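S.K.: The sequence shown stops at residue 224 when you use the working numbering, and every number in between is there. Ideal placement from N, C-alpha and C gives every residue a C-beta, glycine not left out. These numbers were taken from a predicted model, which means no experiment stands behind them. Please find one structure pasted underneath; my questions will follow.
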Amino acid sequence: MKPYVILNAGMTIDGKIVTAKNSSNMSSEESLIRVHKLRKNMDAIMVGIGTVLADNPRLNVRKVDANPEDNPIRIVVDSKCRTPTGAYITNNDARTIIAGANEFKHDFLTSDRYNVFKQKDVEFFFSGDTHVDLTVLMNYLANEGIKTLMLEGGSTLNFSMLKEALIDEINVSIAPKVVGGVNAKTLFDGEGFDTMDDAVNLDLMDSFFLGKDLILKYKVLK
(Lines of atoms letter the chains of each structure in order from A and count residues from 1; the text may use other names and numbers.)
(Lines give C-alpha, C1' and ligand atoms only; values in the text may rest on other atoms or scores of the structure.)
Protein backbone atom coordinates (compact mmCIF):
# COMPACT_ATOMS: atom_id res chain seq x y z
CA MET A 1 0.00 0.00 0.00
CA LYS A 2 1.34 3.41 -0.95
CA PRO A 3 0.24 6.85 -2.13
CA TYR A 4 -0.02 7.70 -5.82
CA VAL A 5 3.32 9.43 -6.41
CA ILE A 6 3.86 12.15 -9.01
CA LEU A 7 7.42 13.30 -9.59
CA ASN A 8 7.30 16.93 -10.66
CA ALA A 9 10.35 18.90 -11.75
CA GLY A 10 11.63 21.67 -13.95
CA MET A 11 14.71 21.07 -16.07
CA THR A 12 16.68 22.39 -19.03
CA ILE A 13 16.68 20.56 -22.34
CA ASP A 14 19.98 18.91 -21.30
CA GLY A 15 18.25 17.49 -18.23
CA LYS A 16 19.74 19.81 -15.58
CA ILE A 17 17.57 20.74 -12.59
CA VAL A 18 20.19 23.12 -11.14
CA THR A 19 23.51 24.55 -12.31
CA ALA A 20 26.78 23.62 -10.61
CA LYS A 21 26.32 26.83 -8.56
CA ASN A 22 22.81 25.72 -7.46
CA SER A 23 20.88 28.17 -9.66
CA SER A 24 17.47 26.73 -10.55
CA ASN A 25 15.25 29.62 -11.64
CA MET A 26 14.56 28.27 -15.13
CA SER A 27 10.78 27.80 -15.29
CA SER A 28 8.31 30.31 -16.69
CA GLU A 29 5.75 31.97 -14.42
CA GLU A 30 3.04 29.91 -16.12
CA SER A 31 4.90 26.70 -15.23
CA LEU A 32 5.31 27.79 -11.63
CA ILE A 33 1.59 28.48 -11.34
CA ARG A 34 0.94 24.98 -12.66
CA VAL A 35 3.18 23.55 -9.91
CA HIS A 36 1.27 25.37 -7.18
CA LYS A 37 -2.06 24.24 -8.61
CA LEU A 38 -0.73 20.69 -8.46
CA ARG A 39 0.49 21.16 -4.89
CA LYS A 40 -2.95 22.40 -3.88
CA ASN A 41 -4.47 19.10 -5.02
CA MET A 42 -1.88 16.87 -3.33
CA ASP A 43 -2.17 15.35 0.14
CA ALA A 44 1.60 15.57 0.67
CA ILE A 45 4.83 16.83 -0.86
CA MET A 46 8.21 15.16 -0.34
CA VAL A 47 11.83 16.24 -0.80
CA GLY A 48 15.25 14.95 0.23
CA ILE A 49 17.51 16.56 2.80
CA GLY A 50 19.79 17.88 0.04
CA THR A 51 16.96 20.04 -1.27
CA VAL A 52 16.24 21.37 2.22
CA LEU A 53 19.89 22.26 2.87
CA ALA A 54 20.43 23.82 -0.56
CA ASP A 55 17.16 25.69 -1.07
CA ASN A 56 15.36 25.92 2.30
CA PRO A 57 12.02 25.45 0.47
CA ARG A 58 8.63 26.39 1.94
CA LEU A 59 6.75 23.55 0.22
CA ASN A 60 3.43 25.37 0.48
CA VAL A 61 0.83 26.71 -1.94
CA ARG A 62 1.39 30.33 -2.94
CA LYS A 63 0.84 31.33 -6.57
CA VAL A 64 -2.86 30.41 -6.65
CA ASP A 65 -5.84 31.18 -4.45
CA ALA A 66 -5.54 28.90 -1.44
CA ASN A 67 -6.43 28.53 2.21
CA PRO A 68 -3.97 27.34 4.89
CA GLU A 69 -5.61 23.90 4.84
CA ASP A 70 -4.69 23.60 1.16
CA ASN A 71 -1.00 23.28 2.06
CA PRO A 72 0.11 19.65 1.65
CA ILE A 73 1.77 17.67 4.43
CA ARG A 74 5.53 18.19 4.13
CA ILE A 75 7.83 15.17 4.22
CA VAL A 76 11.64 15.26 4.29
CA VAL A 77 13.71 12.13 3.65
CA ASP A 78 16.61 12.80 5.99
CA SER A 79 18.40 9.61 7.02
CA LYS A 80 20.87 11.33 9.37
CA CYS A 81 18.34 13.86 10.75
CA ARG A 82 20.28 16.89 9.55
CA THR A 83 17.28 19.16 8.94
CA PRO A 84 17.99 22.59 10.50
CA THR A 85 15.66 23.48 13.36
CA GLY A 86 15.04 26.86 11.72
CA ALA A 87 14.19 25.51 8.25
CA TYR A 88 11.02 26.88 6.66
CA ILE A 89 9.46 23.41 6.63
CA THR A 90 9.43 23.44 10.45
CA ASN A 91 6.97 26.36 10.62
CA ASN A 92 3.26 25.93 11.28
CA ASP A 93 2.12 26.29 7.65
CA ALA A 94 1.38 22.57 7.55
CA ARG A 95 2.09 19.25 9.23
CA THR A 96 5.72 18.15 8.80
CA ILE A 97 7.16 14.63 8.95
CA ILE A 98 10.90 13.97 8.87
CA ALA A 99 11.91 10.43 7.90
CA GLY A 100 15.18 9.20 9.41
CA ALA A 101 17.17 5.95 9.49
CA ASN A 102 17.37 3.72 12.55
CA GLU A 103 21.16 4.00 12.95
CA PHE A 104 20.77 7.67 13.88
CA LYS A 105 17.53 7.37 15.86
CA HIS A 106 18.87 7.05 19.43
CA ASP A 107 21.42 9.88 19.24
CA PHE A 108 18.90 12.18 17.63
CA LEU A 109 16.01 11.46 19.99
CA THR A 110 18.24 12.22 22.98
CA SER A 111 19.55 15.48 21.52
CA ASP A 112 18.56 19.08 22.23
CA ARG A 113 17.66 19.47 18.55
CA TYR A 114 14.89 16.90 18.92
CA ASN A 115 13.36 18.89 21.77
CA VAL A 116 13.26 21.98 19.54
CA PHE A 117 11.46 20.00 16.83
CA LYS A 118 8.99 18.62 19.39
CA GLN A 119 8.09 22.16 20.45
CA LYS A 120 7.31 22.89 16.80
CA ASP A 121 5.15 19.73 16.49
CA VAL A 122 7.45 18.27 13.84
CA GLU A 123 6.92 14.51 13.60
CA PHE A 124 9.51 11.79 12.97
CA PHE A 125 9.36 8.33 11.41
CA PHE A 126 12.30 5.94 11.37
CA SER A 127 12.92 3.00 9.05
CA GLY A 128 15.84 1.24 7.40
CA ASP A 129 19.34 0.77 8.80
CA THR A 130 21.66 3.49 7.49
CA HIS A 131 19.20 4.87 4.93
CA VAL A 132 15.46 5.40 5.02
CA ASP A 133 13.54 2.40 3.69
CA LEU A 134 11.40 4.20 1.13
CA THR A 135 8.95 1.32 0.67
CA VAL A 136 8.29 1.20 4.42
CA LEU A 137 7.94 4.99 4.46
CA MET A 138 5.38 4.92 1.64
CA ASN A 139 3.37 2.28 3.51
CA TYR A 140 3.44 4.43 6.66
CA LEU A 141 2.27 7.51 4.74
CA ALA A 142 -0.59 5.54 3.18
CA ASN A 143 -1.65 4.42 6.65
CA GLU A 144 -1.59 8.09 7.68
CA GLY A 145 -4.28 8.74 5.06
CA ILE A 146 -2.00 10.19 2.38
CA LYS A 147 -3.39 9.11 -0.98
CA THR A 148 -1.46 11.43 -3.31
CA LEU A 149 2.14 12.57 -2.94
CA MET A 150 4.16 15.01 -5.01
CA LEU A 151 7.89 14.26 -5.19
CA GLU A 152 10.04 17.36 -5.76
CA GLY A 153 13.55 15.93 -5.58
CA GLY A 154 16.40 16.11 -5.37
CA SER A 155 18.02 14.00 -8.00
CA THR A 156 19.33 11.26 -5.67
CA LEU A 157 15.95 10.77 -4.00
CA ASN A 158 14.28 10.82 -7.43
CA PHE A 159 16.42 7.89 -8.58
CA SER A 160 15.98 5.97 -5.34
CA MET A 161 12.20 6.27 -5.61
CA LEU A 162 12.32 5.23 -9.27
CA LYS A 163 14.56 2.24 -8.55
CA GLU A 164 12.15 1.01 -5.88
CA ALA A 165 9.22 1.35 -8.34
CA LEU A 166 7.52 3.91 -6.11
CA ILE A 167 6.86 6.60 -8.76
CA ASP A 168 3.60 6.38 -10.72
CA GLU A 169 3.83 9.49 -12.88
CA ILE A 170 6.52 11.94 -14.00
CA ASN A 171 5.70 15.55 -14.90
CA VAL A 172 8.53 17.67 -16.26
CA SER A 173 8.62 21.28 -17.36
CA ILE A 174 11.38 21.68 -19.92
CA ALA A 175 12.83 25.18 -20.20
CA PRO A 176 14.42 26.18 -23.54
CA LYS A 177 17.86 26.51 -21.93
CA VAL A 178 21.16 24.63 -21.97
CA VAL A 179 23.58 24.94 -19.05
CA GLY A 180 25.84 21.87 -19.31
CA GLY A 181 28.32 21.14 -16.57
CA VAL A 182 29.43 17.75 -15.28
CA ASN A 183 28.67 18.90 -11.72
CA ALA A 184 25.19 20.24 -12.51
CA LYS A 185 22.56 17.85 -11.16
CA THR A 186 20.21 16.09 -13.54
CA LEU A 187 16.65 14.93 -12.95
CA PHE A 188 17.92 11.50 -11.87
CA ASP A 189 21.37 10.97 -10.39
CA GLY A 190 22.24 8.27 -7.85
CA GLU A 191 23.99 5.13 -9.07
CA GLY A 192 21.88 4.80 -12.21
CA PHE A 193 21.12 1.61 -14.13
CA ASP A 194 23.88 -0.38 -15.81
CA THR A 195 22.17 -1.10 -19.12
CA MET A 196 19.37 0.27 -21.27
CA ASP A 197 17.55 -3.01 -20.70
CA ASP A 198 17.40 -2.10 -17.00
CA ALA A 199 16.01 1.37 -17.68
CA VAL A 200 12.51 2.32 -16.54
CA ASN A 201 10.11 2.74 -19.44
CA LEU A 202 7.56 5.55 -19.69
CA ASP A 203 4.36 6.17 -21.61
CA LEU A 204 3.66 9.75 -22.73
CA MET A 205 0.25 10.80 -21.40
CA ASP A 206 0.14 14.47 -22.42
CA SER A 207 2.28 17.31 -23.75
CA PHE A 208 1.64 21.03 -24.05
CA PHE A 209 3.32 24.43 -23.82
CA LEU A 210 3.05 26.87 -20.92
CA GLY A 211 4.74 30.09 -21.90
CA LYS A 212 8.03 29.00 -23.44
CA ASP A 213 8.19 25.79 -21.41
CA LEU A 214 7.24 22.36 -22.73
CA ILE A 215 5.25 20.25 -20.24
CA LEU A 216 5.52 16.48 -20.56
CA LYS A 217 3.45 14.07 -18.50
CA TYR A 218 4.48 10.42 -18.40
CA LYS A 219 3.03 7.29 -16.84
CA VAL A 220 5.71 5.05 -15.35
CA LEU A 221 5.44 1.54 -16.76
CA LYS A 222 6.05 -1.22 -14.23
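What residue range does the alpha helix (DSSP H) around Phe127 cover?
M.R.: Segment Glu125 to Phe128 is the beta strand (DSSP E) holding Phe127; no alpha helix (DSSP H) there.
S.K.: Quick one: using the 10 Å Cβ neighbour count with 16 as the cut-off for buried, is Arg64 buried or exposed?
M.R.: When all chains shown are included, Arg64 counts as exposed.
S.K.: When you compare each of Val180, Phe161 and Thr132 to Ser29 by their alpha carbons, which one comes out closest?
M.R.: When only C-alpha atoms are compared, the closest one is Val180.
S.K.: Using a Cβ-Cβ cut-off of 8 Å (strictly less than) and excluding sequence neighbours within five positions of Gly182, which residues of its own chain qualify?
M.R.: Answer for Gly182: Asp16 and Lys18, listed in chain order.
S.K.: Can you tell me whether Met3 is buried or exposed, with buried defined as 16 or more other CB within 10 angstroms of its CB?
M.R.: Met3 comes out exposed.
S.K.: Tell me which residues share the same chain as Asp191 and place their Cβ nearer than 7 Å to its Cβ, disregarding the 5 neighbours each side in the sequence.
M.R.: If we look at Asp191 and ignore the five residues flanking it on each side, its Cβ neighbours are Ser157, Thr158 and Phe161.
S.K.: Is the CB-CB distance between Asp131 and Ala101 below 8 Å?
M.R.: Taking 8 Å as the Cβ cut-off, Asp131 and Ala101 do not qualify as a contacting pair.
S.K.: Three Cβ pairs or more, each shorter than 8 Å: is that satisfied between the segment 163-179 and the segment 50-65?
M.R.: Judged by Cβ distances under 8 Å, the segment 163-179 makes no contact with the segment 50-65, as fewer than three pairs qualify.
S.K.: At 3 residues or longer, what runs of the beta strand (DSSP E) sit wholly inside the segment 103-162?
M.R.: Runs of the beta strand (DSSP E) inside the segment 103-162: 125-128 and 150-153.
S.K.: My guess is that Met140 and Pro5 are in contact by the Cβ rule of under 8 Å, so how many angstroms apart are they, rounded?
M.R.: Sure, about 6 Å apart at Cβ, within 8 Å.
S.K.: Thinking C-alpha only, which one of Arg97, Phe126, Thr98 and Lys122 is nearest Leu111?
M.R.: With distances taken between Cα atoms, Leu111 lies closest to Phe126.
S.K.: Measure the alpha-carbon distance for Asn203 versus Ile169 and round it to whole angstroms.
M.R.: Roughly 12 Å separates the two Cα atoms.
S.K.: Where His108 and Lys82 are concerned, what is the direct C-alpha to C-alpha distance, given to the nearest angstrom?
M.R.: So the alpha carbons of these two residues sit roughly 11 Å apart.
S.K.: Please classify Gly12 as buried or exposed, where buried requires at least 16 other C-beta atoms within 10 Å of its C-beta.
M.R.: Flag for Gly12 reads buried.
S.K.: Give the DSSP-derived three-state secondary structure of Ile35 in the structure shown.
M.R.: Note: Ile35 maps to helix in three-state DSSP.
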